[in-house]
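Just so you know, we're using the working numbering here: the sequence shown kicks off at 8 and counts up by one. For reference, the structure is listed below as structure tokens.
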Amino acid sequence: MTLNVAIVGTGIFATIEHLPTFQKSKYFTPYSCYNRTKSKAEIFAAKEPSISKIYDSLEEVFEDPKVDLVDALLPVQYNIDVVKLAVKHKKNICFEKPIGANLDQAREIVQISKAHPELTIAVAEHCCYYKAIPALKSVIEQIGNVYSFTYHSTAPFDFSSGYIATGWRQHPQHIGGYLSDGGVHQLALLTGVLGEIKTVSAHTKQIRKESGDVDVLYSLAEMESGVIGTFTYGTAFGNTSTSWYFQIMGDNGSVYVDLTPGHDEKLILKVGGKTADAESFVKEIEIENEYRSTEREFEVLGESLTSGDKSKIIATPEVAFHHLAIIDASLKSSKAGGQVTVVEKP
């Protein structure tokens, strides 16, 4: 038996990522769909024979007793609404990142999730499941005491992207616009390895009017562990090379990973230097078939729903709250001229 999924929001990402993932899944069957514009839902449903039902209203999605999971891909400001409907009708739900349009919404979702442990309420943040995270964590003890990091993700503006044409992105109700929409991907990886961020000192800029808000972030961060480092994110530049890398440095070496699309996926571990006579070596560790699609996150979700064990779900509301809270603190810091700003708790 597979689980019936109702897909809410039948736009670009639902079409190119979520639907193909469900079509391959051993856990899920695309059963039904809904879009505010019904004709768009009909076009979407025609892509998959197992989709046998198209709803006339959002409420109908959650009322359907045959639905095991609602997969919501909506403008961020509506996440809180679908979570409340899921609780009302006792439905498991997964919804797209960022968790909410602002910290008030995000905090309310965390509280709802805690109050209803009988339901699975998960955030579709697939970068939480990257193989690079456990790979980095498995070798980090070899570089001694960790003191600093550099996390860098920049790219040229993609005028051809269909995402920039969506109205809710051009006129964002979610804080930081593209910084929270795309930045949480990067923060999922950073915090997945080094833990939570305590404070930030940040500066932001807006390059593209199409972004609807600031779209470049340069920041200094202090982790809860005391580790310090830089976090840079922006995909709105002119002609430049795409660059995505993460380096962690300690008193006995460093570890580096380049996640730029098209580059070899591997860790470069450099050990030594704690003392003058400490053994030194360099080791490359391949990362085979990195989880760049949504397949792994839904595999974990499927395992959870069928077994009843939610322990492998990484992208919980609490985790997703922290990612958005870092963006929130960065925006506040930038408005205050780069003032050190504490990252809020749920």
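C-beta: ideal position from N, C-alpha, C; glycine also. Being a predicted model, the structure only gives us computed values, none of them experimental.
Between the alpha carbons of G269 and T161, how many angstroms are there, rounded? 15 angstroms
Compare the beta carbon distance of V68 and V153 with 8 angstroms and say whether it is the shorter of the two. Pairing V68 with V153 gives a Cβ-Cβ distance that is not under 8 angstroms.
Look up E291 in the DSSP assignment and say whether it is helix, strand or coil. E291: strand per DSSP, three-state reduction.
Y158 and F238: beta carbons closer than 8 angstroms? Contact check for Y158 against F238 passes: the beta carbons are separated by less than 8 angstroms.
Could you name the residues that DSSP lists as bridge partners for W175? Its beta-bridge partners do not exist; DSSP assigns none.
Excluding sequence positions up to five away, which residues of its chain have a Cβ less than 8 angstroms from the Cβ of Q30? P37 and E55
Specify the secondary structure class of T198 as computed by DSSP and reduced to three states. helix
With burial defined as no fewer than 16 other Cβ atoms inside 10 Å of the residue's Cβ, what is the status of Y170: buried or exposed? exposed
DSSP state of D75 mapped onto helix, strand, coil: Here D75 carries a coil assignment [DSSP, helix/strand/coil].
Please state whether the Cβ-Cβ distance between L197 and V221 is less than 8 angstroms. V221 sits away from L197, with the two beta carbons spaced by 8 angstroms or more.
Count the other CB atoms, across all protein chains shown, that sit within 10 Å of the CB of K98; report buried if there are 16 or more and exposed otherwise. Using a 10 angstroms sphere on the CB of K98, the tally of other CB atoms reaches 16 or more, which defines it as buried.
Does the contact criterion of 3 or more C-beta pairs under 8 angstroms hold for the segment 202-216 versus the segment 125-141? no
Measure how close the beta-carbons of I119 and V90 come, nearest whole angstrom, since I'm counting them as under 8 angstroms. 6 angstroms
Measure the C-alpha to C-alpha separation of A131 and N86 and round it to an integer number of angstroms. 11 angstroms
Quick check: the segment 254-268 against the segment 278-293, are at least 3 beta-carbon pairs closer than 8 angstroms? yes
Counting only runs of 4+ residues fully inside the segment 75-158, write out the alpha helix (DSSP H) ranges in chain order. 86-95, 110-122 and 139-146
Distance CB(D78)-CB(H25) smaller than 8 angstroms: yes
Determine the closest residue to P163 out of V223, T242, H178 and Q149, with distance taken between C-alpha atoms. T242
Straight-line gap, H96 to E70 (C-alpha atoms, nearest Å): 6 angstroms
At what residues does the beta strand (DSSP E) containing F29 begin and finish? It is not in any beta strand (DSSP E) - F29 instead sits in the alpha helix (DSSP H) that spans L26 to K31.
Identify the continuous alpha helix (DSSP H) that holds F69 and give its terminal residues. L65 to E70
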